[in-house]
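Peer 1: Numbering (my numbering), first residue to last: 324 to 532. Just dropping this structure here.
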Amino acid sequence: MGKYEAPDVGTCGAIETTGRSGHRISTEWYTYSFPQKNDRQRTWGSRVPVNGQGMTPTLTYGEFWKGLRRGGRNPHDFADYVASTEVHADKTATEFKRSLTLADGAVHSTRGTVLHQDVRIAEGLHVEATTTDTGAKSTMLLSYGGAPGEGEFTLFLTAMYELRVEGVIPGSPEANAIETNYAQLAKGAAITAVEKIRLWKVEGRLDAP
């Protein structure tokens, strides 16, 4: 991507990548925003197809959404870097609090770290989790494709991580490491989520609590 320089409002780029099977499966995009000098906000995202070439069985929008919603309450079944989850009393049908205990593989956090998060679900659209002490957000968003001729099974999952970074200078080794690690985390999270939800369909677990 070349040397990174902080923009006034943001930049974006795209990279084609391949999955474990060798098929082209994702287009990654990155945006960077610095709304305030003392509140450096960055967002990384990766967008992958739900029903890519060679992926079976096919998942409908409703089936994938069931899995995505289930993942909001069971991220330890969803992400390898989460060891366990405790879900607290629901605020509403689509809002609740959860605590995650991290395993290996997380960025910026060590094994055993506990994250307290507020989770908000927009039905049929996304699951968003905000870490209460830092304001960092993770979002899993489901959408149809928008190109002419694409049908009802042309679905995409976008995984996004929004981070507020204090005291990190753009272009520094620390900033570059954060940029690389979170881009990889978003890519891995999206690919793993698609794989796990497809497995849940095969195992009949989409409706499991």
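Note that the Cβ used here is the ideal one computed from N, Cα and C, for glycine as well. All values derive from a computational prediction rather than experimental measurement.
Can you give me the start and stop residues for the beta strand (DSSP E) that D441 sits inside?
Peer 2: Segment V437 to A445, the beta strand (DSSP E) holding D441.
Peer 1: Can you tell me the Cα-Cα spacing of E485 and A500, whole angstroms?
Peer 2: Cα-Cα distance, rounded: 16 Å.
Peer 1: Pick helix, strand or coil for Q507, following the three-state DSSP scheme.
Peer 2: Three-state DSSP puts Q507 in a helix.
Peer 1: Please name the residue, chosen from L508, Q440, G511 and L391, that lies closest to A412 on a Cα-to-Cα basis.
Peer 2: Cα-wise, what sits closest to A412 is Q440.
Peer 1: CB-CB under 8 Å to F479, same chain, minus the five flanking residues each way: which ones, in chain order?
Peer 2: Excluding residues within five positions, the ones whose Cβ falls inside 8 Å are R370, V371, P372, V373, L465, S466, Y467 and G468.
Peer 1: Quick one: which unbroken beta strand (DSSP E) runs of 3-plus residues sit fully inside the stretch 461 to 518? Chain order, please.
Peer 2: Qualifying beta strand (DSSP E) stretches, in chain order: 478 to 488.
Peer 1: Y404: which of G447, I520, R487 and L508 sits nearest, CA to CA?
Peer 2: The residue with the shortest Cα to Cα distance from Y404 is L508.
Peer 1: Within its chain, find whatever has a CB closer than 7 Å to the CB of T455; leave out the 5 residues flanking it on each side and keep chain order.
Peer 2: These residues qualify, in order along the chain: H439, Q440 and D441.
Peer 1: Within a Cβ cutoff of 7 Å, which residues of the same chain sit near W388, ignoring the five residues on either side of it in sequence?
Peer 2: Taken in chain order, the residues that qualify are G447 and L465.
Peer 1: When the Cα atoms are used, what is the spatial distance from I444 to T457?
Peer 2: Cα to Cα, I444 sits roughly 20 Å from T457.
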